[in-house]
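Here's the structure we're looking at; comments come further down.
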Amino acid sequence: MDALTAGLALIIGQLCIALVMVGAHFAARPERATWYWSLAAVAVLVGVLMVVASSRFPILQAIGSSSLVLGAVLQYRGLQAFYKLRADASGWVIGSIACMLFFLLFAADARNHLHFILLATANLALFVMSLRVLLAGIRPRWTFAGMLTTGAVLLLISNNITRIVLAVEQEPSLSVTQSPMGIATMYLVPLGGIFLYATGLLLLYFERLVNDKHNLATHDELTGLLNRRAMVAAGEREVAVAIRHRRPLTVAFVDIDFLKRINDTYGHKAGDTAIADVARLLKQACRNLDLVGRYGGDEFCLVFPCADSDNAALVGNRLLAAIKRYSFRGQHPLSLSIGLASLPPHGDQSWASLVHRADVALYEAKSQGRSRFCIAPQVQTSQESRDPPDGSNNVAGQ
């Protein structure tokens, strides 16, 4: 294969990549990452066109090389945006310096091998920076998309190192594209690397879309906690596991006291902020193995595996302490009413029964003045009652 045929193949391949990237940006949910990547694909396409045509118009070599470096800078910036990292100017600095040197080499009528070395060096630096961002973003969970993108970047890094070596070893008067090795290095390997890189970026993006869709199906949008449906399913699984392995389990129902005052004073948006703040504090007060979900409105449900009735008071105090120092906008302290119920050793051990008992205890806490917890009495039968618990089986905390 000669250089012209290989160059045309690279142009056609890059044109297809550019069309796919631009189409993906407008077809899917537009965001900054896909915008950068689509611009990068167009920049690389323009760069390839100009570099291939530079044999007749030498100035196009400097312009095309600058466009290729710009494409690498935009890919790097797109990865930063994708992983929500703070933007830095390092990519733009490298790109700007490389572009100035391209035109200085053209003005000085420098030999081609110096131009190739500069282009490969600039791209090598940008791809190494992109690899660092990629590795930091995909760890510790490696997926097929992450491995494919990492492999593509490593291929492009290896290709640019090879370009530098070939350009250095060539005679000053000999073009690196006059040998089969040079053609493969300059056109064929980059075509495969760029194609795999673009494919990997798209897979990373659509992988995130799928994960976001799954997350919205199981998590509350406002608080990020499990939603009611997911909480019920997870709670039923935990109850089944606790019964099978004869382990204790405690459920807590939590309600924010007097949230209506904030809604009436500041509006429902402020009330949503208060709910989100309380959700965050409750999550921080729990262990990694505990389940925390929003059951609806300002009511939360929490599941504490391996916590028996003797630990219920400790759980209640910990939840009350989590919000004790919180006040909305520094002016309106909030409190919680909490109902707790532990899995009984006998009788009705269903999730529905456990939730019902915790709900009864919650209303008892409210009736006693709020800002406290009540523990539902243990039962030996499936017969439940909403009568307020009394005697030594009731524990309340201020």
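So the sequence shown is numbered by this note's numbering: it starts at 2 and just counts up by one. Glycine residues also receive a C-beta, built at the ideal position from the N, C-alpha and C atoms. On a predicted model such as this, the values are computed, not experimentally measured, just so you know.
(request) Find out if the Cβ-Cβ distance for the pair residue 114, residue 168 is shorter than 7 angstroms. (result) The residue labelled residue 114 in the question sits at position 113 within the sequence shown. The residue labelled residue 168 in the question sits at position 167 within the sequence shown. Yes. Within cutoff.
(message) Please tell me whether residue 251 and residue 301 are closer than 7 angstroms, where the distance is taken between their beta carbons.
(response) By one-based count along the sequence shown, residue 251 stands at place 250. By one-based count along the sequence shown, residue 301 stands at place 300. Not closer than 7 angstroms, so no.
(request) Compute the distance between the beta-carbons of residue 117 and residue 63, then report whether it is under 7 angstroms. (result) On the sequence shown, residue 117 is found 116 positions in, with the first residue counted as 1. On the sequence shown, residue 63 is found 62 positions in, with the first residue counted as 1. No, these two residues do not count as a Cβ contact at 7 angstroms.
(request) Quick one: give me the first and last residue of the beta strand (DSSP E) that residue 375 is part of. (result) Your numbering for residue 375 matches position 374 in the sequence shown. It spans 373-376 - the beta strand (DSSP E) in which residue 375 sits, taken as one unbroken run.
(message) Taking 7 angstroms as the threshold (C-beta atoms), are residue 366 and residue 339 in contact?
(response) For the purposes of this step, residue 339 is taken as the residue at position 338 of the sequence shown. For the purposes of this step, residue 366 is taken as the residue at position 365 of the sequence shown. Going by C-beta atoms, residue 339 is nearer than 7 angstroms to residue 366.
(request) Please go through the same chain and pick out, in chain order, the residues whose beta-carbon is closer than 7 angstroms to the beta-carbon of residue 277, but skip the five residues on each side of it. (result) Within the sequence shown, numbered from 1, the residue matching residue 277 stands at position 276. Correct list, in chain order: 223, 224.
(request) Report the partner residues of residue 225 according to the DSSP bridge assignment. (result) Working through the sequence shown from its first residue, we reach residue 225 at position 224. Looking at the DSSP assignment, residue 225 forms no beta bridge with any residue, so it has no partner.
(request) Would you check if the segment 88-106 and the segment 45-52 touch, i.e. whether three or more CB-CB distances between them fall below 8 angstroms? (result) no
(message) Give me the residue from 69, 274, 58, 354 with the minimum Cα distance to residue 240.
(response) The residue labelled residue 240 in the question sits at position 239 within the sequence shown. For the residues 69, 274, 58, 354, the minimum Cα distance to residue 240 belongs to 354.
(request) Measure the alpha-carbon distance for residue 137 versus residue 156 and round it to whole angstroms. (result) Along the sequence shown, read from residue 1 onward, the residue named residue 137 stands at position 136. Along the sequence shown, read from residue 1 onward, the residue named residue 156 stands at position 155. So the alpha carbons of these two residues sit roughly 19 angstroms apart.
(message) Counting C-beta neighbours from all protein chains within 10 Å, is the total for residue 174 16 or more, i.e. buried, or is it exposed?
(response) Counting from 1 along the sequence shown, the entry for residue 174 is found at position 173. With a pLDDT of only 40 at residue 174, under the threshold of 50, the placement of this residue in the model should not be trusted; the figure read from the coordinates follows. Classification of residue 174: exposed, given that the 10 Å Cβ count is below 16.
(message) Suppose you measure from the CA of residue 172 to the CA of residue 166; what does that come to, to the nearest Å?
(response) In the sequence shown, residue 172 corresponds to position 171, counting from 1. In the sequence shown, residue 166 corresponds to position 165, counting from 1. Annotation note: pLDDT 48 at residue 172 (below 50); position unreliable, coordinate value reported separately. About 12 angstroms.
(message) Quick check on residue 334: does DSSP put it in helix, strand or coil?
(response) Along the sequence shown, read from residue 1 onward, the residue named residue 334 stands at position 333. Note: residue 334 maps to strand in three-state DSSP.
(request) Using 6 angstroms as the cut-off, classify the Cβ of residue 15 as near or not near the heavy atoms of the ligand SAH, replying yes or no. (result) As for the ligand SAH, it is missing from this structure, which has no ligand bound.
(message) Below 8 angstroms on the Cβ atoms is my contact criterion, and I expect residue 80 with residue 134 to pass it. Report the Cβ-Cβ distance as a whole number of Å.
(response) On the sequence shown, position 79 is the one that residue 80 refers to. On the sequence shown, position 133 is the one that residue 134 refers to. Yes, residue 80 and residue 134 are in contact; Cβ-Cβ is about 5 angstroms, under 8 angstroms.
(message) Whole angstroms are fine: how far does the CA of residue 26 sit from the CA of residue 205?
(response) As a position in the sequence shown, residue 205 is number 204, starting the count at 1. As a position in the sequence shown, residue 26 is number 25, starting the count at 1. Straight-line Cα distance between these residues: approximately 13 angstroms.
(message) Buried or exposed for residue 143, going by 16 or more other Cβ atoms inside 10 Å?
(response) Looking up residue 143 in the sequence shown gives position 142. Residue 143 is exposed by the Cβ-count criterion.
(request) Indicate the three-state DSSP secondary structure (helix, strand or coil) for residue 172 in the structure shown. (result) By one-based count along the sequence shown, residue 172 stands at place 171. Summary for residue 172: the model assigns pLDDT 48, below 50, so the residue's position carries little reliability; its value from the coordinates is reported in the next sentence. Residue 172 falls in the coil class under three-state DSSP.
(message) Quick check on residue 296: does DSSP put it in helix, strand or coil?
(response) Locating residue 296 in the sequence shown gives position 295, where the first residue counts as 1. Note: residue 296 maps to strand in three-state DSSP.
(request) Leaving out five residues on either side along the sequence, give the residues of the same chain with a beta carbon under 7 angstroms from the beta carbon of residue 59. (result) Walking along the sequence shown from the start, residue 59 turns up at place 58. Only 107 meet the Cβ criterion.
(request) Would you mind stating whether residue 257 and residue 299 have Cβ atoms separated by less than 7 angstroms? (result) In the sequence shown, residue 257 corresponds to position 256, counting from 1. In the sequence shown, residue 299 corresponds to position 298, counting from 1. Yes, they are a contact pair.
(request) Less than 8 angstroms between the CB atoms is what I'm expecting for residue 442 and residue 374, so what's the real figure, rounded? (result) Any property of residue 442 remains undetermined from this structure, which presents the chain solely from 2 to 399.
(request) Express the C-alpha separation of residue 36 and residue 348 in angstroms, rounding to a whole number. (result) Start at 1 with the first residue of the sequence shown, and residue 348 comes out as number 347. Start at 1 with the first residue of the sequence shown, and residue 36 comes out as number 35. Taking the straight line joining both Cα atoms gives about 60 angstroms.
(message) Going residue by residue through the segment 199-278, where are the continuous beta strand (DSSP E) segments of at least 3 residues, counting only ones entirely within it?
(response) Listed in chain order, they are 250-257.
(request) Look up residue 343 in the DSSP assignment and give the residues it is bridged to. (result) Walking along the sequence shown from the start, residue 343 turns up at place 342. Residue 343 pairs with 251.
(message) If distances are taken between C-alpha atoms only, which option among 249, 275, 247 comes closest to residue 260?
(response) Within the sequence shown, residue 260 is the residue found at index 259, counting from 1. The shortest Cα separation from residue 260 among 249, 275, 247 belongs to 275.
(request) Would you decide whether residue 177 is buried or exposed? Buried here means 16 or more other CB atoms lie within 10 Å of its CB. (result) In the sequence shown, counting from the first residue as 1, residue 177 sits at position 176. Bear in mind that a pLDDT of 48 at residue 177, under 50, signals an unreliable position, so the number given afterwards is only what the model happens to contain. With 16 or more Cβ atoms within 10 Å of its Cβ, residue 177 is classed as buried.
(message) DSSP has residue 287 in a bridge; who is on the other side?
(response) Residue mapping note: residue 287 aligns to position 286 of the sequence shown, counting from 1. DSSP lists no partner for residue 287.
(message) What residue range does the alpha helix (DSSP H) around residue 124 cover?
(response) For the purposes of this step, residue 124 is identified with residue 123 of the sequence shown, where counting begins at 1. That run of the alpha helix (DSSP H) goes 113-139.
(request) Quick one: residues in its chain with C-beta nearer than 8 angstroms to the C-beta of residue 327, no 5 flanking neighbours on either side, listed in chain order? (result) Taking the first residue of the sequence shown as 1, we reach residue 327 at position 326. Closer than 8 angstroms at the Cβ level, and outside the excluded window around residue 327, lie 278, 279, 282, 334, 335.
(message) If I follow the unbroken alpha helix (DSSP H) through residue 325, where does it start and stop?
(response) Your numbering for residue 325 matches position 324 in the sequence shown. Residue 325 -> alpha helix (DSSP H) spans 313-325.
(message) Would the segment 228-248 count as touching the segment 265-275 if we require 3 or more Cβ pairs under 8 angstroms?
(response) The answer is no - the segment 265-275 does not touch the segment 228-248, with fewer than three Cβ pairs under 8 angstroms.
(request) Less than 8 angstroms between the CB atoms is what I'm expecting for residue 295 and residue 226, so what's the real figure, rounded? (result) By one-based count along the sequence shown, residue 295 stands at place 294. By one-based count along the sequence shown, residue 226 stands at place 225. Residue 295 to residue 226, Cβ: 5 angstroms. Contact.
(message) Here's a check: name, in chain order, each residue in its chain whose Cβ is nearer than 6 angstroms to the Cβ of residue 161, leaving out the five neighbours to either side.
(response) Residue mapping note: residue 161 aligns to position 160 of the sequence shown, counting from 1. So the list reads 121, 124, 125, once near-sequence residues are dropped.
(message) Does residue 304 come out as helix, strand or coil in the three-state DSSP assignment?
(response) What you label residue 304 is simply residue 303 of the sequence shown in a count that begins at 1. Note: residue 304 maps to strand in three-state DSSP.
(request) Just tell me which of 265, 332, 255, 236 has its CA closest to the CA of residue 291. (result) For this step, residue 291 is matched to residue 290 along the sequence shown. Cα-wise, what sits closest to residue 291 is 236.
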